[in-house]
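In the numbering used here, the protein residues as written are 24 to 230. Working notes, beginning with the structure itself.
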């Protein structure tokens, strides 16, 4: 009888060990699959930026494998913007600044690279509103109103407004073509028919 009990216990132990091996193997496979989804970067490293969004990328060389990781891994817009910002600084590429959604962060990115790049690099930005914003920034930064000429005529007024405001020069507003039936929508992707001239004078408190 004792032998049967010992045999039963031994069988249970063997079954437990087998199940343990199966579970461990499955967990290992799941981990490898997840790491593969993260471009081969272990999960603990993928989580670091979420824990410390201020210095997420520059201290971890893995993050330079592919810029697309910014968009794939970071569903959080703030973390994704930080990722694009870090790439812009590392690669000295204004194009990456144009992918930043937060307005303040994006302009800060332009500013961080302003002494290292040429304003012509703005042309690499695909988003039209951010493209215009880039040219506007460099026109004001370089105090060179001719840079505004790189902006489509329908939107060049926004550049003149910023330049006039920065230099406090109302004569710049006179350059803006007046549109009789304009409407005052500002922000986002500007429609062509917008009250740039009126807004320019209002910015300088001139009626």
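Note that beta-carbon positions come from the ideal geometry of N, C-alpha and C, so glycine has one too.
- Message: I need the straight-line Cα distance from residue 202 to residue 175, nearest angstrom please.
- Response: Computed Cα separation, rounded: 16 Å.
- Message: Within a Cβ cutoff of 6 Å, which residues of the same chain sit near residue 170, ignoring the five residues on either side of it in sequence?
- Response: 142, 158, 161, 162
- Item | Through-space distance from residue 219 to residue 180, alpha-carbon basis | 5 Å
- Query: Just the Cα atoms here: how many angstroms apart are residue 182 and residue 99?
  - Reply: 31 Å
- Message: For residue 117 and residue 148, I'd like the C-alpha separation in whole angstroms.
- Response: Looking at the two C-alpha atoms, the distance is approximately 8 Å.
- Task: Report buried or exposed for residue 104, applying the criterion of at least 16 other Cβ atoms within 10 angstroms of its Cβ.
- Result: buried
- Query: Does DSSP put residue 140 in a helix, in a strand, or in coil?
  - Reply: coil
- Distance between residue 167 and residue 193 (C-alpha atoms, nearest Å): Rounded to the nearest whole angstrom, the CA to CA distance from residue 193 to residue 167 is 16 Å.
- Item | residue 150 vs residue 131 beta-carbon contact at 7 Å | no
- Does DSSP put residue 228 in a helix, in a strand, or in coil? coil
- Three-state class that DSSP yields for residue 166 in the structure shown: coil
- residue 125 versus 198, 177, 101, 197, residue with shortest Cα-Cα distance: 101
- Task: Could you give the DSSP three-state label for residue 134: helix, strand or coil?
- Result: helix
- Message: Tell me the rounded alpha-carbon separation between residue 196 and residue 184.
- Response: Taking the straight line from one Cα to the other gives about 7 Å.
- Using a Cβ-Cβ cut-off of 8 Å (strictly less than) and excluding sequence neighbours within five positions of residue 172, which residues of its own chain qualify? 179
- Task: Label residue 129 either buried or exposed according to how many other C-beta atoms from any shown protein chain fall within 10 Å of its C-beta, with 16 as the threshold for buried.
- Result: buried
- Task: Compute the Euclidean distance between the alpha carbons of residue 108 and residue 187, then round it to the nearest angstrom.
- Result: 29 Å
- Could you check how far apart the C-beta atoms of residue 139 and residue 115 are, in whole angstroms? I think they sit under 8 Å. 6 Å
- Message: Within a Cβ cutoff of 6 Å, which residues of the same chain sit near residue 144, ignoring the five residues on either side of it in sequence?
- Response: 117
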